[in-house]
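Below: the structure, in structure tokens.
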Amino acid sequence: MDAKTSWETFFKIMIADEHSAMRKYAMARDLAEEPELKKIFERFMQEEQVHAQLLEAELLKLEKKGF
22 MDAKTSWETF
32 FKIMIADEHS
42 AMRKYAMARD
52 LAEEPELKKI
62 FERFMQEEQV
72 HAQLLEAELL
82 KLEKKGF
């Protein structure tokens, strides 16, 4: 495996991890009964979404550069 494939794989794994975390926080939010706790999990879920978007954008930049 070359360096390009390794970095692409790394970014794809990290993106998948962020999406997985989003699903877990969504599940926790849906199970929580207290409104404040629901808000906390919603915020965490949104933060993970931002992380995924950042990683996806960086991966696209690297792919365009041919890295």
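For the sequence shown, the working numbering begins at 22 and goes up steadily by one.
Ideal Cβ positions, reconstructed from N, Cα and C, are used throughout, including at glycine.
Determine the closest residue to residue i out of the options, with distance taken between C-alpha atoms.
| i | options | result |
| --- | --- | --- |
| phenylalanine 33 | Asp51, Leu76, Lys86, Phe62 | Residue 33 is actually lysine in this sequence, not phenylalanine. Answer by Cα proximity: Leu76. |
| alanine 73 | Phe31, Thr26, Ser27 | Phe31 |
| alanine 37 | Leu80, Ala53, Lys85 | Leu80 |
Tell whether a beta-carbon distance below 7 Å holds between residue i and residue j.
| i | j | result |
| --- | --- | --- |
| methionine 35 | alanine 47 | no |
| arginine 50 | glutamate 29 | no |
According to the neighbour-count rule (16 or more other Cβ atoms, all chains shown, within 10 Å of its Cβ), is residue i buried or exposed?
| i | result |
| --- | --- |
| glutamate 69 | buried |
Exercise. Check whether the region 54-62 touches the region 25-43, counting contact only when three or more Cβ pairs, one atom from each stretch, lie closer than 8 Å.
Key: no
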